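2 protein chains.
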Amino acid sequence: MGSPYGFELIENCVICKLRSDSFFCSLPKAALEAFDKIKYSAAYPAGAVLFVEGQSPRGIYMLCKGRVKLSTTSAEGKTLILKISQPGEVLGMHATVSGTPYEITAETGQPCQLNFVKRDDFLNFLQKHGDACLKAAQHLSKDCQSAYQQIRSLGLSHSAPERLARLLLEWTATSHDQQEPKVKLALTHEEIAQIIGTSRETVTRVLADFRKRQVAVLKGSTLTIRNKSVLEKLVGA
Amino acid sequence: MGSPYGFELIENCVICKLRSDSFFCSLPKAALEAFDKIKYSAAYPAGAVLFVEGQSPRGIYMLCKGRVKLSTTSAEGKTLILKISQPGEVLGMHATVSGTPYEITAETGQPCQLNFVKRDDFLNFLQKHGDACLKAAQHLSKDCQSAYQQIRSLGLSHSAPERLARLLLEWTATSHDQQEPKVKLALTHEEIAQIIGTSRETVTRVLADFRKRQVAVLKGSTLTIRNKSVLEKLVGA
DNA sequence: CCGGGGCTGTGACCGATATCACCCGCGGGG
DNA sequence: CCCCGCGGGTGATATCGGTCACAGCCCCGG
């Protein structure tokens, strides 16, 4: 009943103010109520691990509030970040739907509210509610697309500056039309390196180069694009 | 009515002998008959392009017979192969379901039989048949997984030998328990390079090295694994 | 106020691999 | 029959960026 991580836990999806227009939140009333019945709401602190790659799928997590880092790790301990999930997204759906082990690890990057649904309940829910199933398919399609985009970034670009430029453009893609787009992000150089598949030092060096050339500046957690066209030239557009 | 590409075109899914246990083929009778009504069967020669990245989605292609190469190309003309699709798989579903442009290119690698379904018809079909929709979701999950696997391969391995070893093991994963697993594959060194994101020369060199060390031999289109454990050690397992 | 730990910045080094340049062998078409 | 084009094989070279090593910095807690 209290607020353990600095915010109030919202228990009822139907009257939830966090609802985004994405995915299950935008379901018709009947399906939403059915979803509300089978879900467990919970709040997590930053750094909580929701599931680990290799575990057999317990079910899905619907992200209501906060950011969650999705990653995969090699045998030698090297980590690759696949995505930073935003509110409205569903985590662990691939494994849950196909019944194979989670192939990625999900860790909260900040205090989060999540709805958990057990696998059996979720599958039943999808079977009963065709519109929800279609939404699920759409969500999976989106995931595939973002995966394909990352494959392109990793496989088709030769240089680290190119990949970093692509990432910066991706981050600022939504804040268009501004002269100098700014984005807030709370990622260390290390984490950026893990997204574009390079080393921490290289990220530092490339960012220093971007700063020197007045292309982009990352100060604190604020990223400012000074010269978008240079970045676009780097990605080969 | 004839056999333009060396095989007979099969028009009826319900009595089709090619039916695999995967995806739509294994649907209950009602759904299968509905699918049969909305699909168009057609045969294609080798090298036919089904769709190109960037096109808006016309619909899905269900692969009955043959192999199809899925790839994506950078602005500079460099190509990355995402997958070689096998019979039973559905192509272009992400784009069709989510309504966004095809993000990959599909090209037949040999004479193929395919069933095409228009986007609207397909979406209707999914809405009417919940079990088909669930199958679709499962298929999309599989695609995501294979995409994540490729991301791992591209992002988490340092060396080309490691990636090639991973690929060889993947190819021979199904033919287990044999002392010297053999696989038939019709890929040039160039294409292998495009799968693991390296250059043609590197593939040639690494294969030569594998041959010299009696690890794996690629002769003609037959791949033979001589020493699996060395490959496994290379991928860090 | 001080100390320590995590993040950032930077230099030196060197190894894997992209790239270029060339050769060979083979198979199909003129 | 002879070419020509494609796929495969190989050496030389340049370079990107991974790795190691260390220094400065900022923030937080004691």
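From first to last, the protein sequence lines stand for chains A and B. If you're matching positions, the first sequence starts at 4 in the numbering used here and goes up one per residue. If you're matching positions, the second sequence starts at 4 in the numbering used here and goes up one per residue. Where a beta carbon is used, it is the ideal one built from N, C-alpha and C, also for glycine. Keep in mind that this is a model prediction, so the values were computed, not measured.
- In the displayed model, residue 202 (chain A) falls within coil according to three-state DSSP, outside both helix and strand.
- Remark: C-beta atoms of residue 200 (chain B) and residue 85 (chain B) do not approach each other more closely than 8 Å.
- Its chain contains 156, 195, 198, 199 as the residues whose beta carbon lies nearer than 8 Å to that of residue 170 (chain B), once the 5 sequence neighbours on both sides are disregarded; these appear in chain order.
- Cα atoms of residue 78 (chain B) and residue 121 (chain A): separation of roughly 44 Å, rounded to the nearest angstrom.
- Listed along the chain, the chain B residues whose CB falls inside 8 Å of the CB of residue 77 (chain A) are 155, 159, 160, 239.
- In the same chain as residue 166 (chain B), and ignoring 5 residues on each side of it, the C-beta atoms closer than 6 Å to its own belong to 156, 160, 199, in chain order.
- Its chain contains 87, 112, 113 as the residues whose beta carbon lies nearer than 6 Å to that of residue 70 (chain A), once the 5 sequence neighbours on both sides are disregarded; these appear in chain order.
- Contact annotation: residue 216 (chain A) and residue 183 (chain A) have beta-carbon atoms that are not nearer than 8 Å.
- Comparing alpha carbon positions, the residue from B:62, B:123, B:50, B:80 closest to residue 94 (chain B) is B:62.
- The three-state secondary structure of residue 116 (chain B), taken from DSSP, is strand.
- Taking 8 Å as the CB threshold, residue 103 (chain B) lines the interface with chain A.
- Per DSSP, residue 72 (chain A) is not a residue of any alpha helix (DSSP H); the beta strand (DSSP E) it occupies stretches across 71–76.
- Around the beta-carbon of residue 146 (chain B), 16 or more other beta-carbon atoms lie within 10 Å, marking it buried.
- Contacts with chain A at 8 Å (Cβ-Cβ) do not include residue 193 (chain B).
- From the beta-carbon of residue 147 (chain B), the residues of chain A found nearer than 7 Å are 97, 143, 146, 147, 150.
- For residue 57 (chain A), the closest C-alpha among the options A:102, A:141, A:225 is that of A:102.
- Residues of the stretch 166–187 of chain B with a C-beta less than 7 Å from any C-beta of chain A: none at all.
- Taken through DSSP and simplified to helix, strand or coil, residue 106 (chain A) comes out as coil.
- Here residue 99 (chain B) has 60, 62, 63, 122, 125 as same chain residues with Cβ atoms under 7 Å from its own Cβ, once five neighbours each way along the sequence are excluded.
- About 6 Å separates the beta carbons of residue 117 (chain B) and residue 45 (chain B), which is inside the 8 Å limit, making them a contact pair.
- Annotation: residue 226 (chain A) to residue 172 (chain A) spans about 11 Å, alpha carbon to alpha carbon.
- Closest by C-alpha distance to residue 224 (chain A), out of A:192, A:237, A:238, is A:192.
- Taking the CA atoms as reference points, residue 189 (chain A) sits about 26 Å from residue 119 (chain A).
- Proximity of chain A to residue 100 (chain B) at the Cβ level (cut-off 9 Å) is accounted for by 137, 140, 141, 143, 144, in chain order.
- The way I'd put it, the stretch 124–143 of chain A doesn't touch the stretch 37–55 of chain B; fewer than three beta-carbon pairs between them come closer than 8 Å.
- Here the alpha carbon of residue 142 (chain B) sits roughly 16 Å from the alpha carbon of residue 128 (chain B).
- Rounded to whole angstroms, the separation of the alpha carbons of residue 39 (chain B) and residue 150 (chain B) is 30 Å.
- When Cβ-Cβ separations below 8 Å define contact, residue 130 (chain A) makes contact with chain B.
- If you check each beta-carbon in the stretch 63–87 of chain A against every beta-carbon of chain B, the ones closer than 7 Å belong to 75, 77, 78, 79, 81, 83, 85.
- The beta-carbon of residue 92 (chain A) is placed no less than 8 Å from the nearest beta-carbon of chain B.
- Linking residue 178 (chain B) to residue 168 (chain B) through their CA atoms gives a straight-line distance of about 16 Å.
- Interface criterion met: the Cβ of residue 107 (chain B) is under 8 Å from a Cβ in chain A.
- Against chain A, the beta carbon of residue 133 (chain B) has neighbours under 7 Å at 130, 133, 136, listed in chain order.
- A straight line joining the alpha-carbon of residue 75 (chain B) with that of residue 148 (chain B) spans about 18 Å.
- The Cβ-Cβ distance between residue 209 (chain A) and residue 139 (chain A) does not fall below 8 Å.
- The Cβ atoms of residue 107 (chain B) and residue 73 (chain B) sit closer than 8 Å to each other.
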